[in-house]
Amino acid sequence: MKNCEKDELRRLVLRGLSIKRIEGMGFKRATIKKYYKVFNPKSDIEL
45 MKNCEKDELR
55 RLVLRGLSIK
65 RIEGMGFKRA
75 TIKKYYKVFN
85 PKSDIEL
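When we follow this note's numbering, the leftmost residue of the sequence shown carries the number 45, and every step to the right adds one.
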């Protein structure tokens with residue numbers, strides 16, 4: 045993954061978008077979950 049993609053994913057996770065919405069943008073589910081654990085652990089989205 046390129047740095048610009050990592051920044052984009054981090055921004056989406058911090059906004060609290062659902063995993064399905066982010067997945068629709070072309071990111072892998074496992075990567076999204078990993079980012080949620082690191083950057084947004086208090087979110088109410090179940091992983």
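Glycine is no exception: its CB is placed at the ideal position from the N, C-alpha and C atoms.
Because the structure is a prediction, the values reported are computed rather than measured.
* Asked: In whole angstroms, what is the alpha-carbon distance linking lysine 77 and glutamate 52?
  -> Residue 77 sits at position 33 when you count from the first residue of the sequence shown. Residue 52 sits at position 8 when you count from the first residue of the sequence shown. Within the model, the alpha-carbon separation for lysine 77 versus glutamate 52 is close to 15 Å.
* Asked: Expressed to the nearest angstrom, what Euclidean distance is found between the alpha-carbon atoms of lysine 92 and phenylalanine 83?
  -> Coverage of the chain is limited to positions 45 through 91, which leaves residue 92 absent and any answer about it impossible.
* methionine 45 to isoleucine 89 span [Cα, whole Å] -> On the sequence shown, residue 45 is found 1 positions in, with the first residue counted as 1. On the sequence shown, residue 89 is found 45 positions in, with the first residue counted as 1. Computed Cα separation, rounded: 24 Å.
* Specify the secondary structure class of leucine 53 as computed by DSSP and reduced to three states. => As a first step, residue 53 must be located in the sequence shown, where it is residue number 9. If DSSP states are grouped into helix, strand and coil, leucine 53 belongs with the helices.
* To do: Pick helix, strand or coil for glycine 60, following the three-state DSSP scheme.
  => Within the sequence shown, the letter at position 16 stands for residue 60. Note: glycine 60 maps to coil in three-state DSSP.
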